[in-house]
Each structure stands twice: as structure tokens, then as C-alpha cells.
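Asker: Residue numbers (our numbering), protein chains in the order written: chain R, 20 to 778; chain U, 38 to 265.
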Amino acid sequence: MSEPTNAAYQVDTVERAAKTPETEQPYAALGVKDDEYARILEILGRRPTSSELAMYSVMWSEHCSYKSSRVHLKQFGEKVPAVDFLLVGPGENAGVVDVGGDLAVTFKIESHNHPSYVEPYQGAATGVGGIVRDILTMGARPIAVLDPLRFGPAEAADTHRVLPGVVRGIGGYGNSLGLPNIGGEVVFDACYSGNPLVNALSVGVLKKSEIKLARADGPGNRVVLFGARTGGDGIGGASVLASATFDEDKPSKRPSVQVGDPFMEKVLIECCLEIYAEDLVTGIQDLGAAGLSCATTELAAAGTGGMDVQLDLAPLRDATLVPEEILMSESQERMMAVVTPEKLPRFFELCEKWDVIATVIGTVTDTGRLRMTWHGETIVDVDPRTLAHQGPVYERPYHRPDWQDTLQADVPDPARLERPESGEQLRETVLRMLASPNLADKTWVLEQYDHRVRGNTVLAHGEDSGMLRLSEDSGLGVALSTDGNGRYTKLDPYAGAQLALAEAYRNVAATGATPLAVTNCLNFGSPEDPEVMWQFAEACRGLADACLVLGTPVTGGNVSFYNQTGSEAIHPTPIVGVLGVIDDVARRTRSAFPAEGEILLLVGETLDEFGGSEWAHVVHGHLGGRPPKVDLERERQLAEILIAGSRDGMLSAAHDLSDGGLIQAIAESCLRGGHGARVVLPSELDPFVALFSESAGRAVVAVPRSEEKRFSDMCRFRDVPVARIGVVDGDALDVQDQFSIPLAELREAWTGTFPKLFG
Amino acid sequence: MPARIGVVTFPGSQDDTDALRAARLVDAEPVALWHRDPSLHGVDAVVLPGGFSYGDYLRCGAIARFSPVMESVIAAAREGLPVLGICNGFQVLCESHLLPGALIRNAGTLFINRDVRLRVESTATSWTSDYEVGQEILIPIKNGEGKFTADEKTLDELEASGRVIARYLENPNGSARDIAGIANAAGNVVGLMPHPEHAIEELTGPYPGPATDGLPFFTSVLKQLVNA
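1) Taking 9 Å as the CB-CB cut-off, is residue 232(U) touching chain R?
2) Quick check on residue 132(R): buried or exposed, where buried means 16 or more other Cβ atoms within 10 Å of its Cβ?
3) Going straight from the alpha carbon of residue 563(R) to that of residue 94(R), what length do you get?
4) For the alpha helix (DSSP H) containing residue 560(R), list its first residue and its last residue.
5) Apart from the five residues on each side of it in sequence, which residues of its chain come closer than 8 Å, Cβ to Cβ, to residue 180(R)?
6) Kindly say whether residue 692(R), judged by its beta-carbon, lies nearer than 9 Å to any beta-carbon of chain U.
7) Can you list, in chain order, the residues of its chain with a C-beta nearer than 6 Å to that of residue 139(U)? Leave out the 5 residues immediately preceding and following it.
8) Going by DSSP, which residues form a beta bridge with residue 540(R)?
9) Ignore the nearest five residues each way along the sequence and tell me which others in residue 71(U)'s own chain have a CB closer than 8 Å to its CB.
10) Can you tell me whether residue 422(R) is buried or exposed? The criterion is at least 16 other CB atoms within 10 Å of its CB, across all chains shown.
11) Determine which residues of the segment 597-617 of chain R have a Cβ less than 8 Å from any Cβ of chain U, and write them out in chain order.
12) On the DSSP bridge assignment, give the partners of residue 674(R) in chain order.
13) In the DSSP output, which residue or residues are listed as bridge partners for residue 152(U)?
14) Just the Cα atoms here: how many angstroms apart are residue 165(U) and residue 299(R)?
15) Are the C-beta of residue 197(R) and some C-beta of chain U separated by less than 9 Å?
16) Starting from the C-beta of residue 615(R), find all residues in its chain whose C-beta is less than 7 Å away, skip the five residues before and the five after it, and write them out in chain order.
17) Return the CA-CA distance between residue 389(R) and residue 62(R), expressed in angstroms with no decimal places.
18) Taking the beta carbon of residue 470(R) as the centre, do at least 16 other beta carbons fall within 10 Å, making it buried, or is it exposed?
19) Quick check: the Cα distance between residue 367(R) and residue 377(R), rounded to an integer number of angstroms?
20) Would you kindly check if the distance between the Cβ of residue 631(R) and the Cβ of residue 645(R) is under 9 Å?
21) Using a Cβ-Cβ distance cut-off of 9 Å, determine whether residue 246(R) contacts chain U.
22) Rounded to the nearest angstrom, how far is the Cβ of residue 424(R) from that of residue 494(R), given a contact under 8 Å?
23) Does the segment 705-713 of chain R come into contact with the segment 661-670 of chain R, if we say contact requires no fewer than three beta-carbon pairs (one atom in each stretch) closer than 8 Å?
24) What would DSSP say about residue 583(R), mapped onto helix, strand or coil?
25) Less than 9 Å between CB atoms is the rule here; does residue 78(U) satisfy it with respect to chain R?
26) What does residue 82(U) pair with, by DSSP beta-bridge criteria?
27) What are the residues that DSSP puts in a beta bridge with residue 392(R)?
28) Please give the ranges of any beta strand (DSSP E) in the segment 100-179 of chain R, keeping only runs that are unbroken, at least 3 residues long and fully inside the region.
29) Below 8 Å on the Cβ atoms is my guess for residue 672(R) versus residue 613(R); work out the distance and round it to an integer in Å.
30) Closer than 7 Å, Cβ to any Cβ of chain R: which residues of the segment 50-61 of chain U, in chain order?
31) Would you mind working out which of 304(R), 465(R), 408(R) sits nearest residue 479(R), comparing C-alpha positions?
32) DSSP three-state label for residue 55(R), please.
33) Under 8 Å, with one C-beta from each stretch per pair, do the segment 357-365 of chain R and the segment 309-317 of chain R reach the 3-pair mark?
34) Considering Cα atoms alone, identify which of 239(R), 159(R), 392(R) is closest to residue 296(R).
35) Relative to the C-alpha of residue 546(R), which candidate in 468(R), 416(R), 771(R), 213(R) has its C-alpha closest?
36) For the candidate residues 410(R), 461(R), 592(R), 232(R), whose alpha-carbon lies nearest to that of residue 517(R)?
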């Protein structure tokens with residue numbers, strides 16, 4: 020046993036705390052408010068030891084306790100559609116969904132926004148690592164990741180610091196874990212300058228009967244810490260980094276960002292899966308935000324209720340670390356398991372097989388107390404539920420911003436924003452839009468991610484959703500899409516959140532999968548700002564209402580507050596991930612037009628809707644009006660059509676219409692398939708509106724001539740408008756009476772932007 | 038009895054699952070081999086898969102080369118056992134001195150995942166006999182350190198002895214003389230930077246295809262084993 024070499028350190032014991040009530044404690048510097056500190060005194064009946072204070076500070080931080088969001092997140096548990104496939108709902112490390120047979124799928128999205136701004140590579144890398152461990156903790160093999168990203172303007176100098184590092188970090192970590200990256204988004208907007216959004220979704224597969232829970236049950240069972248040694252990285256990460264706004268005057272926060280070792284995590288994954296396969300643990304928890312503090316309290320609070328821990332047994336990378344630091348460290352690639360004494364030898368054998376360090380550091384008790392000792396002296400003695408479940412809950416004040424009406428009144432009608440009219444003007448606009456950073460080809464980014472590893476990737480980037488085969492025998496698979504539009508949500512948070520769900524739902528259906536369940540990452544400004552809080556409340560309400568209508572329950576997610584620089588909050592940006600299931604992945608629908616002669620059909624209704632549109636953003640730098648109308652019933656009908664079209668083999672291609680509208684979708688499908696198209700716009704629509712409107716609930720599909728009638732009849736039967744708008748043909752994108760663009764020119768515009776910006 | 042193709046798993050191997058699947062799809066018996074176990078379990082051929090063995094610490098493949106299983110693989114390869122090293126496996130073969138040269142950081146420094154066109158240059162190896170010389174095939178690459186390099190004399194020797202087995206048609210990473218793969222003098226040991234095990238199924242291979250251009254690597258070795 021190694022003695023701490025930090026000679027000046029004096030351990031603050033429970034005994035000492037009881038005797039020295041007058042000691043002043045730096046709780047404010049740890050982010051603990053006056054009333055919260057008073058509550059800790061009341062709970063303990065004495066002042067906390069410095070170790071206990073460290074634990075309360077991280078466990079009661081916004082990041083871990085959801086103290087500002089909890090009252091609104093409740094709705095996701097209340098407005099739950101009646102479904103029979105939800106095996107584990109919100110509150111666990113990740114939700115679990117029954118996908119048929121004996122298989123279940125677990126998935127969740129999280130943010131790593133602030134660390135990725137401070138240290139783009141490590142911030143993004145450990146964001147992947149963290150969410151993957153959540154999936155692993157459920158008992159699942161992680162099988163893929165998706166990364167929705169938001170950056171400041173593409174041409175801004177800081178974006179050129181942040182984006183390449185974030186992309187390399189995601190690739191560097193995810194590729195080394197052997198996890199295919201199958202989707203996500205890259206979006207630029209000035210509102211994310213100084214506060215990029217780096218969200219990461221992971222999905223895993225497991226047997227229904229083998230779901231693991233984070234519980235320390237059974238007095239006498241051993242508590243094992245395994246994986247990487249604990250170091251000084253990420254100390255204070257949870258409370259400092261995740262819960263405070265960036266302020267340029269403060270000292271560098273660089274050391275607070277965790278450093279990842281993907282090789283360690285890869286080995287840990289394989290080791291855990293072998294441990295699970297032999298049913299060697301009664302409970303398991305990963306060490307993420309708030310590290311050992313969180314893992315011990317959550318395991319104890321959810322289980323029999325007590326735990327004794329000998330903290331000095333934790334293997335350290337830095338022998339000078341003191342208990343407070345060990346408790347707060349966010350060193351990566353660590354797990355904690357609860358193991359019965361008779362299974363311990365086999366548990367250690369498997370850890371040895373994978374060269375994973377494992378140490379018994381404690382025992383489950385029935386005392387109802389979490390007790391920790393440091394070289395024989397008691398430094399923590401608390402009821403773990405007061406840390407894990409009884410944190411503060413705030414009813415933050417909120418109100419609709421005064422500027423909301425003004426913003427919505429600033430509609431992008433032709434009197435305010437000049438629209439292209441002639442064929443030549445439309446042509447120029449198409450090329451300009453295709454080359455704009457949000458709509459341009461993202462190959463430069465995506466080539467840095469491995470989307471193939473494990474050999475089950477059926478669809479990935481460039482398709483409407485990523486799709487994975489789960490069973491080589493049956494062809495059973497899942498599809499995933501993440502979407503979110505900050506501009507729409509700024510104009511109307513309720514509708515914006517619903518549109519994010521609608522788009523992800525539509526994207527999953529467009530590939531032929533049936534949408535099942537939702538995870539969300541709610542990226543907002545400061546909850547202490549009542550206007551931001553109103554955006555948050557409205558977005559939660561909108562999303563919960565929409566999930567109820569679409570029958571897709573929220574299974575879990577993450578809230579990221581304080582996304583702002585100074586007083587300027589980001590656009591409210593709820594990112595919604597939708598998971599779908601498909602019986603046979605061979606039936607998938609791609610977005611590329613595969614062959615000449617296919618008929619192009621526009622499904623859904625096009626209105627003059629440009630509020631928050633990509634066109635208004637790119638051409639006029641304008642944000643005002645209202646987002647596209649939400650019609651969830653229509654979304655559901657459209658999804659049914661796309662799924663039936665895939666199942667019955669009617670569709671050659673399908674592509675959802677969203678950012679950039681119809682012409683963007685057609686151009687992408689042409690370029691991916693390498694075929695041109697002759698397009699005839701519906702005569703009742705203004706050509707500009709037909710080409711660029713972002714009305715929701717629409718898709719463009721390609722069908723063989725022989726299927727046109729059957730498919731169109733299916734749409735009419737469901738009362739969904741359908742119009743023949745052209746044919747796949749030639750090597751140009753030709754819009755009748757308006758313009759023609761050779762594919763080569765189209766491709767150059769689309770693919771040139773990223774290499775020019777970042778190459 | 039079907040031929041047995043062994044696939045080594047090092048800690049940090051990623052594409053071992055895929056290589057085992059490839060063996061299965063050509064009706065060989067896939068056999069998982071473990072880095073610490075020196076036994077090759079009577080396999081008829083070995084694939085060293087892609088990934089980041091031992092975290093690629095020190096140098097790609099540098100630590101894997103000293104693992105117990107590699108002692109056996111090196112000895113058996115010298116006796117003629119067919120060995121295919123893919124990506125990280127190619128790096129291990131170079132570190133093991135079963136193949137000359139080295140793989141270093143890509144010219145553009147970034148990790149590249151891309152479907153690349155190759156021209157098959159030699160069919161006189163255990164792993165390429167089912168191709169035609171000059172055949173153009175589509176196989177994915179995915180690596181950060183895939184730039185093949187060797188001194189001029191070695192490169193000249195490789196060329197002269199027909200040991201360059203495939204070249205890039207559009208060199209993605211600055212590899213010397215566009216070399217994507219090489220063989221040893223006997224033709225039983227092949228190192229290849231692209232990933233044929235990711236081009237074996239219509240469902241998951243390159244799109245738009247051809248999607249299954251990687252299969253002949255595995256059918257080639259199978260034929261040799263059956264004929265042997």
C-alpha cells in the first residue's frame with residue numbers, strides 16, 4: 020500500500036468535521052450555493068468533510084442532478100405512448116428497446132460541448148468514450164456511434180481550430196474502439212461561435228434477458244474498480260466545466276478536460292462482454308461525470324443501500340492525489356462492478372486475460388450508509404440517496420422573450436427578401452446553396468471516420484439514416500438518425516423541437532425502418548436566464564407532446580445548459596435521435612437514384628415556408644418568421660407510405676426533404692447515384708417555392724415505371740398528396756423551362772467547399 | 038473437412054470479426070486465435086486483421102510482433118503457411134520482417150476511409166490466384182498510417198521479382214510507387230493495406246459497387262489449400 024506523498028495534506032475526517040463546525044469551507048468555489056450548503060449541514064447534522072463536500076458538489080451539479088431541468092423532463096415519463104417494446108425507460112444509463120426475437124437495443128445521446136471547445140481533440144474523443152461506456156454498462160455490446168456537431172461560421176478562424184480537432188478526436192477514439200460511425204450532422208451558425216455543440220450517440224445490442232442495472236445489491240458482495248488507473252485529469256470537470264459559462268478572464272481550464280485512451284476502452288469493452296457472458300456481476304456502473312463519487316453513490320442508492328469503501332485501495336496514476344481529488348477525478352475508461360465473493364476469482368481471471376487492472380475497493384452493506392475510509396480513518400459517512408436522488412430541484416422562473424413576437428413578425432416574404440425569379444437566377448441559387456457549408460458534401464469529415472468496422476453497416480453517412488444489421492440469419496436491423504434545427508427552434512421552441520423529431524422520424528422511415536423510440540440531447544443557454552428557460556420548457560413540452568402522437572417514447576437523453584459565450588446564448592438546439600427497426604435490412608431504401616428511367620414522385624404538400632430556412636440563411640443572412648408547419652399526423656402517414664414502399668419493393672430510392680428543400684434532395688440523390696434527372700415542377704407552385712421551400716412531411720422518391728400507379732394509389736388512399744415531378748435521366752439536372760446544370764458542375768459545387776475550407 | 042482459416046485477435050484488433058466472417062462466407066472454417074496463445078490450432082492459413090494492436094503504441098504493429106502467437110506465425114510462414122496481413126496486419130508483417138518496408142503516416146496526415154480502385158499486379162501468390170493480372174478492383178482503405186515506404190533498392194527488387202501484388206490507381210496516401218500490397222518471395226505471405234474483408238457482401242460492400250471485389254483473396258487461398 021502506498022502512502023500519499025503529498026506531505027502537506029491533512030486528511031479531513033468525519034471525526035474532525037464533527038469537532039470543528041466553525042471551519043470555513045470553499046463550497047462556493049466548488050459551485051455549491053449558500054442554500055445548498057445549508058442543506059448539506061442539515062442532512063449530515065454537522066459540516067461535511069472536505070471529501071463529502073467534493074461529492075455533494077459534483078453530485079448536486081447541474082450536470083449530474085438535472086436540478087434545473089428535472090421539472091420539465093418529467094413530461095417524458097408522463098406523456099408516454101402506450102407501447103409494449105420499452106424495456107428500460109429514462110433514468111438508467113440508457114434506455115432499452117425490444118427489437119424482436121431475443122434481442123434488445125440500447126441507445127443514448129450525450130453532449131461534450133464545453134470540453135470540446137477547450138480541447139477539441141480530447142473533448143470530442145472522451146465524449147465518444149463516455150457514451151459508449153453508458154451503452155456498455157447496460158450489458159450491451161456497443162455497435163455504432165453517430166455525432167451531431169454544431170460549429171461557428173465555417174470561415175471563422177476559431178472554427179478552423181475547433182472543427183479539425185473535434186473530427187480527429189471522434190475518429191481517433193471511435194475508430195480505435197472498432198465502432199462504425201454511421202451518421203450525424205455538421206452544421207455551422209454564428210450562434211455556436213465560442214460554443215460548439217459536440218453530441219455523441221451510441222447504440223448497443225444485447226439479449227433481452229441480459230440487461231444489467233446499476234445496483235449494489237447483497238450485503239457482503241464485493242465492489243470492484245477496474246479499468247484505467249485514476250489520475251488527475253478531469254478533476255472538477257463535472258462541476259466546473261459543465262456548469263459554468265466561459266469567461267475569458269478566468270485562468271485556463273485546460274487541465275479539467277479528461278484525456279482518453281481508446282485502447283484501454285476497447286480492451287475494457289471486450290473484457291466486460293466476457294464478464295457479462297458468464298454472468299459474473301450483480302450490478303455495474305461506468306465512471307463518467309463525477310467519477311467515483313457518482314459510481315459509488317448511484318450503485319449504493321439503487322441497491323441494498325449501504326457500501327463500505329477503502330478509498331486508498333484505488334489504483335492511482337499519480338500517487339500524490341488526495342481523497343477529494345480521487346473522488347472527483349474524471350479519468351476515463353474505468354468501471355465499477357458488484358460481484359459475489361464466489362464469482363470473484365473468475366472475474367479476476369477474465370480481467371487478467373485482457374490485462375485489465377481490477378481491485379476490490381469495497382463491500383456492499385445493509386447499513387444505509389456510504390462509508391469511505393482513507394488509511395483507516397473515516398472520511399465519508401453519508402446516506403447515498405441524499406447524494407444521488409435528493410439533490411436540489413429548482414423551479415426556475417421562465418417567460419416568453421419580449422423579442423419573440425418581433426422575430427416571428429419578421430417574415431421572409433418577397434417584399435422583404437428578394438427571391439430569384441428567372442431560370443438563370445434559380446440556377447445560380449441552386450449552385451450557391453449546394454456549395455454552402457451546411458448543405459455541401461461532408462466527405463472531408465466523414466472519410467476520417469470508419470463506418471465499416473464490424474461488417475454490419477448497411478447504410479451510413481449520406482443516407483437518410485444509418486442502418487445496422489443485427490442478425491445475419493434473419494436480416495433484422497436497426498436504423499438511427501439524429502436531427503435538430505436551431506433556427507427553427509429559435510423562431511418557435513415548441514414547434515422547433517417537434518420538427519427535430521419529425522425529421523429524424525422521417526429519415527428513419529425513408530430508409531424503410533419503423534421508428535420506435537427517441538433519445539434527446541437538449542442543448543440550451545443558461546437556465547438562470549428566464550428567456551432561455553422558457554425556450555427549454557417549450558421545447559420539452561413540444562417534444563413530449565409530439566412523442567405521444569407519433570408513438571415514440573423518449574428512453575433517455577441528456578441536458579446541456581450554459582451553452583453561451585458571455586450573455587449570448589446559442590440558438591436553442593434540441594437534437595433528437597430516433598431509433599427504428601427493420602425486419603430485413605436487404606429491403607432498405609437508399610437515397611441515390613440508381614438507374615435511368617425511374618419515375619420521380621414528390622410526396623407531401625409544399626407551402627410557401629421560408630422562416631428559418633437554409634435559403635434565407637445563406638442568401639440573406641436572415642432569421643425570422645415562423646418555422647414550417649408541423650403536421651404529425653401527416654408525418655405518420657408519410658412514414659407508413661415509405662415503410663410500406665420499402666417492404667413491398669416499390670421504391671428504388673427515397674430522400675426526405677428538409678434543409679434546402681426539394682432541389683437539394685434531388686441534387687444529392689442524382690450525385691450519389693451518378694444519374695441526372697429531368698424535373699417538371701408542379702404547375703400550381705411558384706418555381707422558387709417548389710425548389711427551395713422547407714415544408715415538413717415531404718419526401719422525394721424514385722419508383723420503377725411499373726410501380727408508379729401502385730405507389731401513387733397508396734398515397735391517395737392515405738390522403739397524402741403525390742405528384743409526378745420527373746424522371747431519372749441523362750447527365751444533367753434539368754428543370755424544365757428553368758435551367759439545366761451538368762452533373763459535373765453540380766458535383767464541383769457540392770464537393771468543393773469542404774476541401775477548400777479545411778483541406 | 039473444410040479448410041481452417043485462423044484469425045488472430047490482438048488486444049486492440051478491430052476487423053477480426055470481419056475476417057472471420059470472410060472465412061465463413063467462402064465456406065472455410067473460421068478459427069479465432071489469441072495473441073497470448075502460441076498454438077495455431079492446426080489452421081491451414083492465418084489472417085492478421087486490421088485494427089490498432091496494443092493501441093499501436095510505440096509504432097503500429099511493433100508490440101504485436103513480439104506476442105506469443107506471432108512467434109508461431111513467423112515460424113510457420115517461413116515454412117510456407119499462407120498468411121495475409123490486412124492494414125494493421127500488414128504493419129505487423131513488416132515489423133516481423135516477413136515483408137520488407139514499412140507503413141508510415143499518410144501523406145495528408147489524416148485518417149482516410151475511402152473505396153479505392155486497385156490494379157492487381159500479381160496472381161502468383163496464395164491470396165491472389167483467383168484474380169487476373171491487370172484486373173481493376175474496388176476495395177476500401179481505412180487507415181492513418183498506410184503510406185508504404187522502402188528504400189529504392191528494395192522497391193526495385195520487389196518490382197523485379199513480381200512481388201508487388203496490387204497498386205492504387207489513384208494513390209490516396211503517398212505510397213511509394215502506388216504500392217497497396219506486396220508478397221514475400223515464396224508468395225505465401227501477403228500484406229495489403231486495403232481491406233478485402235470489407236468487400237465481400239452486396240449488402241455491406243462499397244456503394245455504388247462493385248461490392249464484392251474482396252472475395253477472391255479468400256477464395257484464392259482456399260483453392261490452394263484444397264489443391265495442396
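Note that the Cβ used here is the ideal one computed from N, Cα and C, for glycine as well.
Answerer: Based on what the coordinates show:
1) For residue 232(U), at least one C-beta of chain R is nearer than 9 Å to its own C-beta.
2) So residue 132(R) ends up on the buried side.
3) Spanning the two alpha carbons is a distance of roughly 6 Å.
4) Per DSSP, residue 560(R) belongs to the alpha helix (DSSP H) from 549-569.
5) Excluding sequence positions up to five before and after residue 180(R), its CB lies within less than 8 Å of the CB of 139, all in the same chain and listed in chain order.
6) Chain U places a beta carbon closer than 9 Å to that of residue 692(R), counting this residue as a contact.
7) Cβ neighbours of residue 139(U) beyond the five flanking positions: 131, 186.
8) 577(R), 594(R), per the DSSP bridge assignment.
9) A distance below 8 Å between beta-carbons, with the five flanking residues on each side excluded, links residue 71(U) to the following residues of its chain, in chain order: 45, 46, 106.
10) When all chains shown are included, residue 422(R) counts as exposed.
11) Those residues of the segment 597-617 of chain R placed with their C-beta closer than 8 Å to a C-beta in chain U are 604, 605, 609, 611, 613, ordered along the chain.
12) Paired residue(s): 719(R).
13) 177(U), per the DSSP bridge assignment.
14) Distance between the alpha carbons of residue 165(U) and residue 299(R) is about 45 Å.
15) Under the Cβ criterion of 9 Å, residue 197(R) is counted among the residues facing chain U.
16) The residues are 694, 747, 748.
17) In a straight line, the C-alpha of residue 389(R) is about 14 Å away from that of residue 62(R).
18) Here residue 470(R) is buried. Its C-beta has 16 or more other C-beta atoms within 10 Å.
19) Approximately 7 Å between the Cα atoms of the pair.
20) Cβ atoms of residue 645(R) and residue 631(R): closer than 9 Å.
21) Under the Cβ criterion of 9 Å, residue 246(R) is not counted among the residues facing chain U.
22) Not quite, the Cβ-Cβ distance comes to about 52 Å (not below 8 Å), so this is no contact.
23) Output reads no: the segment 661-670 of chain R does not touch the segment 705-713 of chain R.
24) The answer is strand: DSSP assigns residue 583(R) an E or B state.
25) For residue 78(U), the answer is no, since every Cβ of chain R falls outside 9 Å of its Cβ.
26) For residue 82(U), which the question treats as bridged, DSSP gives the partners 42(U).
27) Looking at the DSSP output, residue 392(R) bridges to 329(R), 397(R).
28) Runs of the beta strand (DSSP E) inside the segment 100-179 of chain R: 105-107, 114-119, 122-130, 160-170.
29) Contact between residue 672(R) and residue 613(R) holds: CB atoms are separated by about 6 Å, below the 8 Å threshold.
30) Of all residues in the segment 50-61 of chain U, the ones placed with a Cβ closer than 7 Å to any Cβ belonging to chain R are 51, 52, 54, 55, 58, in chain order.
31) The closest CA to that of residue 479(R), considering only 304(R), 465(R), 408(R), is found on 465(R).
32) DSSP places residue 55(R) within a helical segment (H, G or I) once states are collapsed to three.
33) The segment 357-365 of chain R is not in contact with the segment 309-317 of chain R.
34) In this structure, 159(R) is the residue among 239(R), 159(R), 392(R) with its C-alpha nearest to the C-alpha of residue 296(R).
35) Of the candidates 468(R), 416(R), 771(R), 213(R), the one whose C-alpha sits nearest the C-alpha of residue 546(R) is 416(R).
36) The shortest Cα separation from residue 517(R) among 410(R), 461(R), 592(R), 232(R) belongs to 592(R).
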